[in-house]
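Heads up: the sequence lines are chains A and B, in that order. Going by my numbering, the residue at position 31 of the first sequence is 31; the numbering climbs one at a time, nothing skipped. Going by my numbering, the residue at position 80 of the second sequence is 1080; the numbering climbs one at a time, nothing skipped. Beta carbons: idealized from backbone N, C-alpha and C, even for Gly.
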Amino acid sequence: MRNLLIFITKYNAFFLFLIFEISSLLIYIKYNSFQKATFINSTNKVTGTLYTQVSQFYAYLSLKEVNDSLARENAQLRGILKSALYVDTIEKHKVVDTTYKQQYTYIVARVINNSTNKRSNYITINRGSKEGITKDMGVICSSGEVGMVVDVSEHLAIVQSVLNKNTRFSAMLANNKEIGSFIWGADLDPKKGLLTDIQNDAQPKLGEQVVTSGYSLFPTGIPFGKITNLHAKGGGLLLNVDVTLAVDFSKLEYVYVINNKFAQEQTDLEAGQKKNE
Amino acid sequence: MSRAILVNAIRFLVLVFMQVFLLKNITFYNLSTPYLYILFILLLPFEVPNILLFVLSFLLGLTIDAFYDTPGLHAAACVVLALVRILFISITVQKDGFDNEPEPTLSIMGFRWFFTYALVLTLFHHFFLLNLEVFSFSEIQYTLSRVVLSSIFTVFLMLISGLLFFRRKERK
């Protein structure tokens, strides 16, 4: 017994190392899936407040670019206003439009923490459950697709961006509507993505847009990017193409969180169907 | 003694702030990212007891993790770093050759020793950190080039900060 104690005190560094290493690896493995709530992340009180403060300062530095992009978007939206269209009937009649019902609403949010240089990148935004954000909502910005909400606190939320090894979105070619799935490429390039599993007879073209399909959290037709290489490696029997992303993730400032009003209904319905089987 | 505690507490705060709000945003071609915060562990005095060294490394790692959204990752790498530090110092330094509270800084230990010390420890830390982050051997070539290039960047910043706080009168 005494010899054992002497042994342990002599090599105490090694035993201390074992204790701390095992405990930190346990934390790493246990909490690293974002589905589980943990206090060691950027939505907790201290880190969240600090990030908000600093990002308010950073926001001043990029006012010019934000203004430009807002103005561009305004111009684009003005283009699709009713008043911008030429009315070619002289008769005026008012139609109460019952065909359309609002399905998607948008919540604007500011990015307060962002990274692009890791294997799994997450974005923190300054809107949370208080503003009506819940898990699994889609997130876009004015130039395209950004990601999906994975964790929510009262005032903040964490978005798993497209630049993440776990990201997989349903996407399609803009012209011939061939469905594939969109992932981030293996070489960690924040400007490139990969559209995988397209049917071989799809014949994609260089420069063609890749957009969201209607099967996901997003409205149809939100751009991921443009095809730059038709013969990416991998894929086997099916086709893979390289896509240059439409969004510049390193300059992300404002994003929109998409609230799909039928999402709850859809998941309930599909869950009910599964139970019936 | 109390001066050493104060200096190290300030160093902790400054390094964490620099890492989280400045260096986190710096990267070259997504290959080279500096992790300067480990300088805190490198510069702890020689006499710090092993248990305290491990506790401080663990806490530093967790603090960085809280900001990086990777619970446990940096903590694990920092604990490895603490072990390598103990081994390296026990091999290269004779404990009783010093008078009052020596620290492993550039100005006291000289350029050659400090450079080897910083390089070896940084390589171990980055190797462990980046491999644990990716967690697969399929991208090992890419990860290794990230380890080497990031280490060069980090050691470069360490040497610069060592020269900034160079105190000539302490050198014998």
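Are V243 (chain A) and S143 (chain A) closer than 7 angstroms when you measure CB to CB? For the purposes of this step, residue 243 (chain A) is identified with residue 243 of the first sequence, where counting begins at 1. For the purposes of this step, residue 143 (chain A) is identified with residue 143 of the first sequence, where counting begins at 1. No, they are not a contact pair.
So for S170 (chain A), helix, strand or coil by DSSP? Walking along the first sequence from the start, residue 170 (chain A) turns up at place 170. In the structure shown, S170 (chain A) sits in a strand (DSSP, three-state: E or B).
I want to see whether chain B comes within less than 7 angstroms of A13 (chain A), judged by CB atoms only; does it? As a first step, residue 13 (chain A) must be located in the first sequence, where it is residue number 13. Judged by the 7 angstroms Cβ criterion, A13 (chain A) is in contact with chain B.
My guess is that F1021 (chain B) and V54 (chain A) are in contact by the Cβ rule of under 8 angstroms, so how many angstroms apart are they, rounded? Taking the second sequence and counting its residues from 1, the one referred to as residue 1021 (chain B) is at position 21. Taking the first sequence and counting its residues from 1, the one referred to as residue 54 (chain A) is at position 54. Rounded, the Cβ-Cβ distance is 6 angstroms, consistent with contact.
Which stretch, first to last residue, makes up the beta strand (DSSP E) that contains F224 (chain A)? Within the first sequence, the letter at position 224 stands for residue 224 (chain A). 223-229 is the extent of the beta strand (DSSP E) around F224 (chain A).
Interfacial residues, the segment 1028-1059 of chain B to chain A, with Cβ spacing under 7 angstroms: Cβ contacts with chain A: N1030, T1033, N1050, I1051, F1054, F1058.
Given this structure, state the Cα-to-Cα distance separating E91 (chain A) from I80 (chain A), to the nearest angstrom. Residue numbering aside, residue 91 (chain A) sits at position 91 when the first sequence is read from its first letter. Residue numbering aside, residue 80 (chain A) sits at position 80 when the first sequence is read from its first letter. Residue placement at E91 (chain A) cannot be trusted, given a pLDDT of 46 that sits under 50; what the coordinates show is reported in the next sentence. Roughly 22 angstroms separates the two Cα atoms.
Quick one: does K36 (chain A) have its CB under 7 angstroms from some CB of chain B? If you number the first sequence from 1, residue 36 (chain A) lands on position 36. Residue placement at K36 (chain A) is poorly supported in this model, since its pLDDT is 49, which falls under 50; the coordinates are not used for a value here.
Figure out for me which residue from A:L173, A:N176, A:V139 has the closest Cα to the Cα of T167 (chain A). Residue numbering aside, residue 167 (chain A) sits at position 167 when the first sequence is read from its first letter. Taking only the C-alpha atoms, the option nearest T167 (chain A) is A:V139.
So if I threshold CB-CB distances at 9 angstroms, which residues from the segment 1064-1077 of chain B count as touching chain A? D1065, A1066, F1067, Y1068, D1069, T1070, P1071, G1072, L1073, H1074, A1075, A1076, A1077
Own chain partners of P1071 (chain B) with C-beta closer than 7 angstroms, once the 5 adjacent residues on each side are dropped: Locating residue 1071 (chain B) in the second sequence gives position 71, where the first residue counts as 1. Same-chain partners within the cutoff: D1065.
So T134 (chain A) contacts chain E; which residues on that side make the cut at Cβ distance below 9 angstroms? The structure shown contains no chain E; its protein chains are A and B.
Closer than 7 angstroms by C-beta to N1131 (chain B): which residues in its own chain qualify, once you throw out the five before and the five after it? Chain order, please. Taking the first residue of the second sequence as position 1, residue 1131 (chain B) is located at position 131. Within the same chain, N1131 (chain B) has close Cβ partners T1143.
Could you give the first and the last residue of the continuous beta strand (DSSP E) run that contains G180 (chain A)? Along the first sequence, read from residue 1 onward, the residue named residue 180 (chain A) stands at position 180. G180 (chain A) -> beta strand (DSSP E) spans 179-184.
Where L63 (chain A) and A71 (chain A) are concerned, what is the direct C-alpha to C-alpha distance, given to the nearest angstrom? Your numbering for residue 63 (chain A) matches position 63 in the first sequence. Your numbering for residue 71 (chain A) matches position 71 in the first sequence. One C-alpha to the other measures close to 12 angstroms.
Beta-carbon spacing of F20 (chain A), V1079 (chain B) below 7 angstroms: As a working note, residue 20 (chain A) is residue 20 in the first sequence. As a working note, residue 1079 (chain B) is residue 79 in the second sequence. Yes, these two residues count as a Cβ contact at 7 angstroms.
Any contact between the segment 181-190 of chain A and the segment 147-157 of chain A? By contact I mean 3 or more CB pairs, one from each, below 8 angstroms. no
What first and last residue would you give for the alpha helix (DSSP H) that runs through R110 (chain A)? Stepping through the first sequence from its first residue, residue 110 (chain A) is reached at position 110. Note, R110 (chain A): premise wrong, no alpha helix (DSSP H); beta strand (DSSP E) at 104-113.
Going along the segment 189-206 of chain A in order, which residues come within less than 9 angstroms of chain B, judged by CB to CB distance? D189, P190
To the nearest angstrom, how far is the alpha carbon of E1103 (chain B) from that of T52 (chain A)? Here the question's residue 1103 (chain B) lines up with position 103 in the second sequence. Here the question's residue 52 (chain A) lines up with position 52 in the first sequence. So the two alpha carbons sit approximately 37 angstroms from each other.
With a threshold of 7 angstroms between beta carbons, is E21 (chain A) in contact with chain B? Looking up residue 21 (chain A) in the first sequence gives position 21. For E21 (chain A), the answer is yes, since a Cβ of chain B falls inside 7 angstroms of its Cβ.
Mind the definition here: the segment 120-133 of chain A touches the segment 150-159 of chain A only if three or more C-beta pairs lie below 8 angstroms; say whether that holds. yes
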